[in-house]
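**Q** full-length UniProt numbering puts the first residue of the sequence shown at 1, with every later residue one more than the last.
My questions all concern the structure below.
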Amino acid sequence: MGSRKHMRIKVLKDGPYEVTGNVPLREMKIGANKAGESTHWLDGEAFETGETYHLCRCGKSKNKPFCDGSHMHGFDGTETADHVAYDEAAIVYRGDGMELMDDESLCAVARFCDAAGSTWRLINDAENEELAIRQACDCPSGRLTVVKDGKKIEPELPREIAVVEDEPEGKHGPLWVRGGIEIEAEDGTVYEARNRVTLCRCGSSGNKPFCDAMHMDGKEE
Ligand code: FES
1 MGSRKHMRIK
11 VLKDGPYEVT
21 GNVPLREMKI
31 GANKAGESTH
41 WLDGEAFETG
51 ETYHLCRCGK
61 SKNKPFCDGS
71 HMHGFDGTET
81 ADHVAYDEAA
91 IVYRGDGMEL
101 MDDESLCAVA
111 RFCDAAGSTW
121 RLINDAENEE
131 LAIRQACDCP
141 SGRLTVVKDG
151 KKIEPELPRE
161 IAVVEDEPEG
171 KHGPLWVRGG
181 IEIEAEDGTV
191 YEARNRVTLC
201 RCGSSGNKPF
211 CDAMHMDGKE
221 E
């Protein structure tokens, strides 16, 4: 296993993500209830990887989630995300004994916040606290965070990358970077390290390198 500090994801110019430091890679699938609401995560296969590997960012690889060089046929991977910290960007909704932080620009449309009437409603009744916290913690992009007694509540996540498959919608989802792995922009600057963040792998995000749910509009490849 690589040491924590060497785990890194580097955004390559108009190309893939270069992952270094023996970062574990696995598939995770969105699980839904009978009503079609996202309610749980299902573990998928673990991929065999080495110290360094390259994950497709353009959406065209025939060997997903890995890069197969297809980006060389023309991919504009220009990063457009700002470097504003989550605490500054998020709106804060006040509820009953808890608050909900929300940075909508990060939304990957995994829909865990839609179940049971929506997280925004659940926070208005302290009796729903456990469910509200679970929904916010299941949000892969870290768009939503419940705050209780001034402390952000974060799930314990392993340091790994989860390749999200949105089976209920029949879409390839984003790359879910878990546990605060460093993400370095093509220009060498480093994005805010966060416990949960989702990276675009369809090539169409307007907030590169982060997912903005454009994969939901696209045709599956
Ligand atoms: S980034 Fe290389 S094939 Fe997609």
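Each residue gets a CB set at the ideal place from its N, CA and C atoms; glycine is no exception.
(1) Among all the DSSP beta bridges, which residues are the ones paired with TRP176?
(2) In the DSSP assignment, what residue or residues form a beta bridge with TRP120?
(3) Can you tell me whether ALA193 is buried or exposed, with buried defined as 16 or more other CB within 10 angstroms of its CB?
(4) For GLY206, which of HIS6, ALA108, THR39 has the nearest alpha-carbon?
(5) For the beta strand (DSSP E) holding GLU48, just list the boundary residues, first then last.
(6) With a threshold of 8 Å on Cβ separation, who are the neighbours of ALA85 within its own chain once the five nearest residues in sequence on each side are excluded?
(7) Could you tell me which residues DSSP puts in a beta bridge with PHE210?
(8) First and last residue of the beta strand (DSSP E) that includes ARG111?
(9) With three or more C-beta pairs closer than 8 Å as the rule, is the stretch 21 to 41 touching the stretch 96 to 103?
(10) Where do the N-terminal and C-terminal ends of the alpha helix (DSSP H) with ALA132 fall, by residue?
(11) Are three or more beta carbon pairs between the stretch 111 to 129 and the stretch 65 to 79 nearer than 8 Å?
(12) PRO158: buried (16+ other C-beta within 10 angstroms of its C-beta) or exposed?
(13) Would you say the beta carbon of SER61 is closer than 6 Å to some non-hydrogen atom of the ligand FES?
(14) Just to confirm my understanding: we take ILE133, look at its own chain, exclude 5 residues before and 5 after, and list those with CB closer than 6 Å. What are they?
(15) Cβ-heavy atom distance between CYS211 and the ligand FES below 6 Å?
(16) For HIS71, verify whether its CB is less than 6 Å away from any heavy atom of the ligand FES.
(17) What residue does the beta strand (DSSP E) around ASP96 start on, and which one ends it?
(18) In angstroms with no decimal places, state the Cα-to-Cα distance between ILE161 and GLU18.
(19) Measure how close the beta-carbons of ARG178 and ARG201 come, nearest whole angstrom, since I'm counting them as under 8 Å.
(20) To the nearest angstrom, how far is it from the Cα of ASP96 to the Cα of ALA136?
(21) Which first and last residues belong to the alpha helix (DSSP H) in which ALA86 is found?
(22) Run through DSSP, which three-state label would HIS40 get?
**A** Based on what the coordinates show:
(1) ALA162, THR198
(2) In DSSP, TRP120 forms no bridge with anything.
(3) exposed
(4) ALA108
(5) It is not in any beta strand (DSSP E) - GLU48 carries neither H nor E in the DSSP assignment.
(6) GLU192
(7) LEU199
(8) Looking at the DSSP string, ARG111 is not in any beta strand (DSSP E), and its letter there is neither H nor E.
(9) no
(10) 129 to 138
(11) no
(12) exposed
(13) yes
(14) VAL146, ILE153
(15) no
(16) yes
(17) No beta strand (DSSP E) holds ASP96; DSSP gives it neither H nor E.
(18) 12 Å
(19) That belief does not hold up - the Cβ atoms of ARG178 and ARG201 are roughly 15 Å apart, past 8 Å.
(20) 16 Å
(21) With the sequence shown as reference, residue 86 is identified as Tyr, and Ala is not the correct amino acid for it. That run of the alpha helix (DSSP H) goes 86 to 89.
(22) strand
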